[in-house]
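Below is one structure; the comments refer to it alone.
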Amino acid sequence: MATGPNPMNNNLRSSEIQEFLNQTGWGEAARTPLNQDASTRRYERLRRKTETTMLMDAPPLESQPCPPGASDEERIALGWNAISRLAASRVEAFAALSAYLRTLGLSAPEVLHHDFARGLAVLEDLGDEVLAETILRGADEPTLYAAVADVLAAVHRAPAPQSLPYRGGEWPILTYDHLALSANVDLFVEWMPQRDLDMRMTEQSRLRWERVRENLVAKAEDFPRALILRDTHAENFIWLRQREGLQRVGLLDFQDAVLGWGEWDMS
(Lines of atoms letter the chains of each structure in order from A and count residues from 1; the text may use other names and numbers.)
(Lines give C-alpha, C1' and ligand atoms only; values in the text may rest on other atoms or scores of the structure.)
Protein backbone atom coordinates (compact mmCIF):
# COMPACT_ATOMS: atom_id res chain seq x y z
CA MET A 1 0.00 0.00 0.00
CA ALA A 2 1.41 3.39 -0.98
CA THR A 3 2.04 5.86 1.79
CA GLY A 4 2.50 9.61 1.76
CA PRO A 5 5.45 11.64 3.02
CA ASN A 6 6.42 11.03 6.61
CA PRO A 7 5.49 14.20 8.59
CA MET A 8 8.18 13.42 11.16
CA ASN A 9 10.85 13.30 8.44
CA ASN A 10 9.51 16.51 6.90
CA ASN A 11 9.62 18.27 10.27
CA LEU A 12 13.18 17.07 10.89
CA ARG A 13 14.28 18.33 7.47
CA SER A 14 12.61 21.69 8.04
CA SER A 15 14.44 22.02 11.35
CA GLU A 16 17.78 21.15 9.71
CA ILE A 17 17.23 23.74 7.00
CA GLN A 18 16.27 26.46 9.49
CA GLU A 19 19.30 25.69 11.64
CA PHE A 20 21.55 25.86 8.58
CA LEU A 21 20.06 29.17 7.45
CA ASN A 22 20.46 30.61 10.96
CA GLN A 23 24.13 29.64 10.91
CA THR A 24 24.69 31.30 7.54
CA GLY A 25 22.92 34.56 8.40
CA TRP A 26 19.92 33.83 6.17
CA GLY A 27 17.62 32.58 8.91
CA GLU A 28 15.26 35.58 8.72
CA ALA A 29 15.16 35.70 4.92
CA ALA A 30 11.88 35.47 3.02
CA ARG A 31 11.75 32.08 1.28
CA THR A 32 10.10 31.41 -2.08
CA PRO A 33 10.05 27.79 -3.34
CA LEU A 34 10.90 27.29 -7.03
CA ASN A 35 9.56 24.64 -9.36
CA GLN A 36 11.19 21.28 -8.65
CA ASP A 37 13.00 19.37 -11.38
CA ALA A 38 12.98 15.60 -11.89
CA SER A 39 15.53 15.01 -9.14
CA THR A 40 15.19 14.95 -5.36
CA ARG A 41 16.77 18.40 -5.16
CA ARG A 42 14.66 21.46 -4.59
CA TYR A 43 15.45 25.16 -4.52
CA GLU A 44 14.17 28.25 -2.75
CA ARG A 45 14.98 31.88 -3.43
CA LEU A 46 16.07 33.65 -0.25
CA ARG A 47 15.44 37.39 0.00
CA ARG A 48 17.02 39.63 2.64
CA LYS A 49 16.22 43.30 1.97
CA THR A 50 17.79 43.89 -1.47
CA GLU A 51 19.94 40.73 -1.46
CA THR A 52 18.91 37.38 -2.90
CA THR A 53 20.52 33.95 -2.85
CA MET A 54 19.37 30.40 -3.55
CA LEU A 55 18.90 27.57 -1.09
CA MET A 56 19.78 24.15 -2.49
CA ASP A 57 18.09 21.36 -0.56
CA ALA A 58 19.57 18.04 -1.71
CA PRO A 59 19.00 15.45 1.03
CA PRO A 60 21.53 12.62 0.75
CA LEU A 61 19.91 9.60 -0.86
CA GLU A 62 20.03 6.03 0.32
CA SER A 63 21.58 5.30 -3.07
CA GLN A 64 25.21 6.36 -3.13
CA PRO A 65 27.22 7.95 -5.94
CA CYS A 66 29.30 5.61 -8.06
CA PRO A 67 32.42 4.44 -6.17
CA PRO A 68 35.43 5.24 -8.39
CA GLY A 69 37.00 1.79 -8.12
CA ALA A 70 33.87 -0.35 -8.34
CA SER A 71 33.79 -3.22 -10.84
CA ASP A 72 30.97 -3.61 -13.36
CA GLU A 73 29.44 -6.34 -11.20
CA GLU A 74 29.59 -4.15 -8.09
CA ARG A 75 28.05 -1.22 -9.93
CA ILE A 76 25.18 -3.34 -11.25
CA ALA A 77 24.51 -4.56 -7.71
CA LEU A 78 24.57 -0.98 -6.37
CA GLY A 79 21.98 0.26 -8.86
CA TRP A 80 21.42 3.00 -11.42
CA ASN A 81 23.55 5.76 -9.88
CA ALA A 82 26.59 3.49 -9.95
CA ILE A 83 25.80 1.99 -13.37
CA SER A 84 25.34 5.39 -14.98
CA ARG A 85 28.03 7.12 -12.89
CA LEU A 86 25.76 9.71 -11.34
CA ALA A 87 26.61 11.97 -8.40
CA ALA A 88 23.43 11.09 -6.44
CA SER A 89 22.67 14.82 -5.95
CA ARG A 90 25.72 15.31 -3.73
CA VAL A 91 26.36 18.94 -2.84
CA GLU A 92 30.10 18.16 -2.80
CA ALA A 93 29.96 17.37 -6.52
CA PHE A 94 28.11 20.61 -7.27
CA ALA A 95 30.62 22.61 -5.22
CA ALA A 96 33.65 21.02 -6.90
CA LEU A 97 32.27 21.50 -10.42
CA SER A 98 31.06 25.03 -9.71
CA ALA A 99 34.49 26.13 -8.52
CA TYR A 100 36.16 24.53 -11.53
CA LEU A 101 33.80 26.08 -14.07
CA ARG A 102 34.34 29.47 -12.50
CA THR A 103 38.11 29.09 -13.01
CA LEU A 104 37.32 28.76 -16.74
CA GLY A 105 35.64 32.16 -16.61
CA LEU A 106 32.12 30.74 -16.79
CA SER A 107 28.98 31.67 -14.86
CA ALA A 108 28.38 28.80 -12.46
CA PRO A 109 26.68 29.74 -9.17
CA GLU A 110 29.18 30.37 -6.40
CA VAL A 111 28.63 28.17 -3.35
CA LEU A 112 28.47 30.75 -0.54
CA HIS A 113 27.69 28.39 2.37
CA HIS A 114 27.39 24.63 2.62
CA ASP A 115 26.68 21.69 4.88
CA PHE A 116 27.78 18.68 2.86
CA ALA A 117 26.72 16.12 5.46
CA ARG A 118 23.13 17.35 5.40
CA GLY A 119 22.98 18.15 1.69
CA LEU A 120 22.43 21.91 1.99
CA ALA A 121 23.96 24.96 0.34
CA VAL A 122 23.36 28.65 -0.18
CA LEU A 123 24.21 29.63 -3.75
CA GLU A 124 24.66 32.76 -5.78
CA ASP A 125 21.35 33.71 -7.42
CA LEU A 126 21.74 33.83 -11.21
CA GLY A 127 18.19 35.08 -11.76
CA ASP A 128 15.05 33.86 -13.53
CA GLU A 129 15.83 34.01 -17.24
CA VAL A 130 15.80 30.26 -17.89
CA LEU A 131 16.82 29.78 -21.53
CA ALA A 132 13.77 27.72 -22.49
CA GLU A 133 11.38 30.34 -21.12
CA THR A 134 13.37 33.22 -22.60
CA ILE A 135 13.06 31.64 -26.05
CA LEU A 136 9.31 31.16 -25.59
CA ARG A 137 9.03 34.87 -24.78
CA GLY A 138 10.47 35.70 -28.19
CA ALA A 139 14.24 35.92 -27.72
CA ASP A 140 16.36 35.05 -30.75
CA GLU A 141 16.84 31.30 -30.44
CA PRO A 142 19.91 30.93 -32.73
CA THR A 143 21.73 33.69 -30.82
CA LEU A 144 21.09 32.06 -27.44
CA TYR A 145 22.03 28.56 -28.57
CA ALA A 146 25.18 29.89 -30.25
CA ALA A 147 26.17 31.43 -26.92
CA VAL A 148 25.52 28.09 -25.16
CA ALA A 149 27.59 26.25 -27.78
CA ASP A 150 30.51 28.63 -27.19
CA VAL A 151 30.36 27.92 -23.44
CA LEU A 152 30.23 24.15 -23.91
CA ALA A 153 33.10 24.30 -26.41
CA ALA A 154 35.18 26.16 -23.80
CA VAL A 155 34.51 23.38 -21.28
CA HIS A 156 35.40 20.69 -23.81
CA ARG A 157 38.62 22.42 -24.89
CA ALA A 158 40.00 22.65 -21.36
CA PRO A 159 42.28 19.85 -20.16
CA ALA A 160 40.02 17.16 -18.72
CA PRO A 161 40.42 16.91 -14.91
CA GLN A 162 40.61 13.52 -13.19
CA SER A 163 39.32 14.96 -9.92
CA LEU A 164 38.35 18.34 -8.54
CA PRO A 165 38.86 19.75 -5.04
CA TYR A 166 36.09 20.97 -2.80
CA ARG A 167 36.32 22.19 0.77
CA GLY A 168 37.27 19.05 2.61
CA GLY A 169 38.02 16.61 -0.17
CA GLU A 170 38.36 15.68 -3.84
CA TRP A 171 35.48 14.80 -6.13
CA PRO A 172 36.41 12.14 -8.73
CA ILE A 173 35.58 12.83 -12.37
CA LEU A 174 34.67 9.40 -13.70
CA THR A 175 34.73 8.12 -17.26
CA TYR A 176 31.44 7.53 -19.01
CA ASP A 177 32.46 4.00 -19.84
CA HIS A 178 31.19 0.92 -21.68
CA LEU A 179 28.75 -0.09 -18.93
CA ALA A 180 27.29 3.39 -18.50
CA LEU A 181 26.88 4.01 -22.22
CA SER A 182 25.43 0.54 -22.91
CA ALA A 183 22.90 0.84 -20.08
CA ASN A 184 21.74 4.25 -21.25
CA VAL A 185 21.49 3.17 -24.89
CA ASP A 186 19.40 0.18 -23.76
CA LEU A 187 16.80 2.57 -22.34
CA PHE A 188 15.59 2.91 -25.93
CA VAL A 189 14.54 -0.71 -26.25
CA GLU A 190 13.25 -0.87 -22.68
CA TRP A 191 11.02 2.20 -22.90
CA MET A 192 9.90 2.32 -26.52
CA PRO A 193 7.65 -0.78 -26.30
CA GLN A 194 5.77 0.99 -23.50
CA ARG A 195 5.01 3.82 -25.92
CA ASP A 196 4.40 1.74 -29.05
CA LEU A 197 3.37 -1.91 -28.87
CA ASP A 198 4.71 -2.44 -32.38
CA MET A 199 8.17 -1.86 -30.93
CA ARG A 200 8.06 -4.99 -28.77
CA MET A 201 11.20 -7.03 -29.34
CA THR A 202 11.48 -10.77 -29.76
CA GLU A 203 14.43 -12.63 -28.30
CA GLN A 204 15.99 -12.70 -31.77
CA SER A 205 15.54 -8.98 -32.38
CA ARG A 206 16.93 -8.22 -28.93
CA LEU A 207 20.08 -10.20 -29.81
CA ARG A 208 20.40 -8.22 -33.05
CA TRP A 209 20.00 -5.00 -31.08
CA GLU A 210 22.74 -6.02 -28.67
CA ARG A 211 25.14 -6.68 -31.56
CA VAL A 212 24.40 -3.28 -33.06
CA ARG A 213 24.76 -1.62 -29.65
CA GLU A 214 28.10 -3.28 -28.93
CA ASN A 215 29.44 -2.18 -32.30
CA LEU A 216 28.35 1.43 -31.74
CA VAL A 217 29.65 1.58 -28.17
CA ALA A 218 33.02 0.15 -29.23
CA LYS A 219 33.33 2.82 -31.93
CA ALA A 220 32.37 5.57 -29.48
CA GLU A 221 35.06 4.49 -27.04
CA ASP A 222 37.71 5.16 -29.69
CA PHE A 223 36.88 8.87 -29.80
CA PRO A 224 38.73 11.37 -27.57
CA ARG A 225 37.04 12.40 -24.35
CA ALA A 226 36.52 15.69 -22.57
CA LEU A 227 34.72 16.89 -19.49
CA ILE A 228 31.02 16.99 -20.36
CA LEU A 229 28.28 18.55 -18.25
CA ARG A 230 25.86 15.86 -19.38
CA ASP A 231 22.44 17.39 -18.59
CA THR A 232 22.58 20.21 -21.11
CA HIS A 233 19.04 21.17 -22.04
CA ALA A 234 17.43 24.60 -22.19
CA GLU A 235 16.04 24.43 -18.64
CA ASN A 236 19.58 24.19 -17.26
CA PHE A 237 20.90 27.46 -18.68
CA ILE A 238 20.20 30.98 -17.44
CA TRP A 239 20.48 33.95 -19.78
CA LEU A 240 22.51 36.68 -18.05
CA ARG A 241 21.99 39.60 -20.41
CA GLN A 242 23.86 42.01 -18.13
CA ARG A 243 27.10 40.02 -18.51
CA GLU A 244 29.43 39.74 -21.49
CA GLY A 245 31.09 37.02 -23.52
CA LEU A 246 30.96 33.49 -22.20
CA GLN A 247 29.59 34.74 -18.89
CA ARG A 248 26.24 35.55 -20.49
CA VAL A 249 25.24 31.89 -20.04
CA GLY A 250 24.58 30.75 -16.48
CA LEU A 251 25.11 27.04 -15.81
CA LEU A 252 22.94 24.78 -13.64
CA ASP A 253 22.68 21.07 -12.84
CA PHE A 254 26.23 20.07 -13.77
CA GLN A 255 27.10 17.86 -10.78
CA ASP A 256 26.87 14.66 -12.87
CA ALA A 257 29.73 15.75 -15.15
CA VAL A 258 31.91 12.93 -16.49
CA LEU A 259 34.64 12.30 -19.02
CA GLY A 260 32.68 11.68 -22.21
CA TRP A 261 32.16 13.09 -25.67
CA GLY A 262 31.50 16.74 -26.46
CA GLU A 263 28.85 15.71 -28.96
CA TRP A 264 26.73 14.50 -26.03
CA ASP A 265 26.50 18.01 -24.61
CA MET A 266 25.83 19.52 -28.02
CA SER A 267 23.04 17.13 -28.99
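FYI, in numbering that gives the first Met the number 0 the residues of the sequence shown are 0 to 266. For glycine and all other residues, C-beta sits at the position ideal for the given N, C-alpha and C. Keep in mind it's a predicted model, so treat the numbers as computed, not measured.
DSSP beta-bridge partners for G249?
-> S106 and I237
Who are H113's beta bridge partners in DSSP?
-> A120
Does the beta-carbon of G249 have 16 or more other beta-carbons within 10 angstroms, so that it is buried, or is it exposed?
-> buried
Going along the chain, which residues of its own chain have a beta-carbon closer than 7 Å to the beta-carbon of N235, five neighbours each way excluded?
-> L251 and D252
Please report the residue range of the alpha helix (DSSP H) in which M200 lies.
-> Per DSSP, M200 belongs to no alpha helix (DSSP H) and is neither H nor E.
Neighbour-count burial assignment, D124, 16 or more Cβ in a 10 Å radius = buried
Can you give the beta carbon distance from T174 to L226, rounded, assuming they're within the 8 Å contact cut?
-> Incorrect: roughly 11 Å between the Cβ atoms, too far for contact.
As assigned by DSSP and simplified to three states, the class of S88 = coil
Exposed or buried, V110, counting other C-beta atoms within 10 Å across all chains shown (16 or more means buried)?
-> buried
If we count the other Cβ atoms within 10 Å of its Cβ and call it buried at 16 or more, is V202 buried or exposed?
-> Here residue 202 turns out to be Glu, not Val, going by the sequence shown. By the neighbour-count rule (16 or more Cβ atoms within 10 Å), E202 is not buried but exposed.
Spell out whether any CB of chain B is found under 9 Å from the CB atom of R74.
-> In the structure shown, chain B does not exist; there is a single protein chain.
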